[in-house]
Amino acid sequence: MQVRLVREVAVEGRAARFDAKGTLHHHFICDRCGDVEDTEWYNVPKPASGSQGKRIIRESELIFRGLARSVLLGMVPVDGA
């Protein structure tokens, strides 16, 4: 029996990260260091009915990508330096 208490957060080229099911938050992924941070929940509207063909949308989430604060402050080495 599968309970599905966690879900995988896809992070390209990095180790998998898992979140507890039912926690409402989005994610920020740093382009440089790959760090994944939980961000505030924003209610994301579902696409208009029929806009996704015959797909049925269950939920939506945002993934923000950019540079983490630690990278901007020079706390994370760039290119392994």
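Quick note: the sequence shown uses the numbering used here, first residue 537, plus one each step.
Glycine included, C-beta positions come from ideal geometry on N, C-alpha and C.
Here the alpha carbons of Thr559 and Asp567 stand approximately 24 Å from one another. Nearest C-alpha to Val572 among Ser587, Leu603, Asn579, Gly589: Leu603. When DSSP states are grouped into helix, strand and coil, Arg605 belongs to the helix group.
Closest in C-alpha terms to Ile593, from the list Phe554, Ala584, His563, comes Ala584.
Met611 has its alpha-carbon roughly 42 Å from the corresponding atom of Gln588.
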